[in-house]
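Working notes for the structure below.
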Amino acid sequence: MKPTKIIFDTDPGVDDAMALLFIEAAPALDLVGITTVFGNGGVETTTRNALYLKHRFGLAAPVAKGADRPLSGLEVADAGHVHGENGLGGVVIPPAIPGELDPRPAHRFIIDTVRAHPGEITLLAVGRMTNLALALREDPEIASLVERVVIMGGAFGFAGHSGNVTPVAEANIAGDPQAADEIFGAAWEVVVIGLDVTQETLMTTAYLAALRDEGGEAGRFIWEISRFYEAFYRDATGAEGVFGHDFSAAAYIVAPQLFALRGGPIRVVTEGIAEGQTIQQSELRKFAPNAWSGRPSHRIATAVDAERSLALFRDTIVARYGRG
120 MKPTKIIFDT
130 DPGVDDAMAL
140 LFIEAAPALD
150 LVGITTVFGN
160 GGVETTTRNA
170 LYLKHRFGLA
180 APVAKGADRP
190 LSGLEVADAG
200 HVHGENGLGG
210 VVIPPAIPGE
220 LDPRPAHRFI
230 IDTVRAHPGE
240 ITLLAVGRMT
250 NLALALREDP
260 EIASLVERVV
270 IMGGAFGFAG
280 HSGNVTPVAE
290 ANIAGDPQAA
300 DEIFGAAWEV
310 VVIGLDVTQE
320 TLMTTAYLAA
330 LRDEGGEAGR
340 FIWEISRFYE
350 AFYRDATGAE
360 GVFGHDFSAA
370 AYIVAPQLFA
380 LRGGPIRVVT
390 EGIAEGQTIQ
400 QSELRKFAPN
410 AWSGRPSHRI
420 ATAVDAERSL
430 ALFRDTIVAR
440 YGRG
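If you use the working numbering, the sequence shown corresponds to residues 120 to 443, in order.
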C-alpha cells in the first residue's frame, strides 16, 4: 500500500515534537506539509520550533505559518508552564535557523495541497483547530476532498478523563472552541483521539530513558525536551512520566486496530463555565430533536491498547534513528 499523505497541523510543543519524529519515521506515513498554529507557544515560537525540527532532523516537508489567535480574535495565554518558555522544554535552540517558510498562510497551504491531491490527504491536527476552520470557511468543498481528519483533542469521560485545563475541557479544544465546533459540523470524516486514550498511554521515566539509550539522536532529544514536561505532569497529576497525547493520534493512522471507537455527532460548548467541553450524542441512543440533530457523525476513541501503542512508538523511533 502507498503511504498515507499527512499534513501535520501542530503547535510544537514537546509532545508535538515527539509525534513529528514518529510521523517522519513511520514507513506507512508520508509527511507532505507542516502547518503551525498558536497554542503551546505563540505562533512565532511554534513556527520557529517547526523549522528547527525540520532542519535538525532533515525533514523534507515544507512549513507554513498559521493562525496566531482563535476565531474570536481574543489573545490567549500559551502553555509555557507545561512545555517550557521556548515550547521545547528549555533546550537550547539556535537564534538563527536555516530554511524558509512556505509563503502561503497555513489554511491556504491546506486548501491547495488537498486540491492537488484529492482523496489522498489526511489532516492530522494536534493543536487548536483554527487553521482547519479557516480553510473550511475559505473553501468548504475541501471537506469532500480530504481522505479524513484525525485530531488530538477533547475528552468524553471514558476511563474517568474529562479535562486537563478545566474539569471538563481539554487544551486544544478550549483554545478555540468555536473552531472545533465548526470542524465537527463539517461533512468530512473526523476521528477524535482525546484524553480518554492519551492519558491511558503513559511514557514512564524508564520508557523514556530506554528510548534515550536506544533511539539515537531522536531518542536523546526526546529525553532532553521531556524533562521539563515530565516535571509538570509529576506536579500536576502525580504521574511518573508523560502522556502520549499527540503521537497517539498519529499511531491511530498507522495502527487503527489498537483503538476502540464510538460514532455520533459532536458539539463543543463555546461559552460559560463549561467552555471547551466536547459532547458526543452516541449513535446508539435516540433523542428528541436537539443541538446535535442534523450534524454529521464522527468517531471518538474510547479505549486503546496502550502497551502496543507505546511499543509502536518505540520500535518506529529506534528503527529509524537507531543508536547513532
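Beta carbons are placed, not taken as given, at the ideal position from N, Cα and C, and that holds for glycine.
**Asked** Is there contact between the segment 145 to 162 and the segment 383 to 390, where contact requires at least three CB pairs shorter than 8 angstroms?
**Response** no
**Request:** Quickly, what does DSSP pair THR123 with across the bridge? List them, please.
**Result:** Counting from 1 along the sequence shown, the entry for residue 123 is found at position 4. According to DSSP, which records beta bridges pairwise, THR123 is partnered with LEU148.
**Item:** Alpha-carbon to alpha-carbon, PHE347 and GLY209
**Value:** As a working note, residue 209 is residue 90 in the sequence shown. As a working note, residue 347 is residue 228 in the sequence shown. Near 7 angstroms, if we compare the C-alpha coordinates of PHE347 and GLY209.
**Asked** For GLN376, is the classification buried or exposed, using 16 other Cβ atoms within 10 angstroms of its Cβ as the cut-off for buried?
**Response** Your numbering for residue 376 matches position 257 in the sequence shown. Exposed: under 16 other Cβ atoms inside 10 Å.
**Prompt:** Is it true that the CB of ALA274 sits closer than 8 angstroms to the CB of GLU289?
**Reply:** By one-based count along the sequence shown, residue 289 stands at place 170. By one-based count along the sequence shown, residue 274 stands at place 155. Contact: yes.
**Request:** Could you tell me if ALA145 is buried or exposed, where buried requires 16 or more neighbouring beta carbons within 10 angstroms of its beta carbon?
**Result:** Position 26 of the sequence shown, counted from the first residue, corresponds to residue 145. Counting Cβ neighbours within 10 Å, ALA145 comes out buried, since at least 16 surround it.
**Message:** Is the beta carbon of MET271 closer than 8 angstroms to that of SER345?
**Reply:** The residue given as residue 345 occupies position 226 in the sequence shown. The residue given as residue 271 occupies position 152 in the sequence shown. Going by C-beta atoms, SER345 is not nearer than 8 angstroms to MET271.
**Opening and closing residue of the beta strand (DSSP E) in which ILE312 lies** = Here residue 312 is taken as the residue at index 193 of the sequence shown, counted from 1. First-last of the beta strand (DSSP E) with ILE312: 309 to 312.
**Message:** So within the segment 383 to 434, which uninterrupted beta strand (DSSP E) runs reach at least 3 residues, ignoring any that extend past its ends?
**Reply:** 385 to 387, 397 to 399 and 417 to 423
**Prompt:** Taking the C-alpha atoms as reference points, what is the distance between ASP135 and THR154?
**Reply:** Locating residue 135 in the sequence shown gives position 16, where the first residue counts as 1. Locating residue 154 in the sequence shown gives position 35, where the first residue counts as 1. So the alpha carbons of these two residues sit roughly 12 angstroms apart.
**Prompt:** Which partner residues of ARG267 appear in the DSSP bridge assignment?
**Reply:** Sequence index remark: in the sequence shown, residue 267 carries index 148 (1-based). Bridge partners of ARG267: THR241.
**Asked** Going straight from the alpha carbon of SER263 to that of GLY413, what length do you get?
**Response** Position 144 of the sequence shown, counted from the first residue, corresponds to residue 263. Position 294 of the sequence shown, counted from the first residue, corresponds to residue 413. Taking the straight line from one Cα to the other gives about 17 angstroms.
**Request:** Kindly indicate the opening and closing residues of the beta strand (DSSP E) around THR323.
**Result:** The residue you call residue 323 lines up with position 204 of the sequence shown. Looking at the DSSP string, the run of the beta strand (DSSP E) that includes THR323 is 321 to 323.
**Prompt:** DSSP on THR129, reduced to helix/strand/coil?
**Reply:** Taking the first residue of the sequence shown as 1, we reach residue 129 at position 10. Three-state result, THR129: strand.
**Item:** Secondary structure, beta strand (DSSP E): runs of 3+ residues fully inside the segment 138 to 205
**Value:** 148 to 155
**Asked** Buried or exposed: which applies to PRO296, given that a residue is buried once 16 or more other Cβ atoms fall within 10 Å of its Cβ?
**Response** Position 177 of the sequence shown, counting from 1, holds the residue named residue 296. PRO296 comes out buried.
**Item:** Ordered list of beta strand (DSSP E) runs contained in the segment 344 to 374, each at least 3 residues
**Value:** 360 to 362
**Request:** Identify every residue that forms a DSSP beta bridge with ALA379.
**Result:** As a first step, residue 379 is located in the sequence shown; it is residue number 260 there, counting from the start. Looking at the DSSP assignment, ALA379 forms a beta bridge with ALA422.
**Request:** Could you give the DSSP three-state label for ASP135: helix, strand or coil?
**Result:** The count along the sequence shown starts at 1 and reaches residue 135 at position 16. If DSSP states are grouped into helix, strand and coil, ASP135 belongs with the helices.
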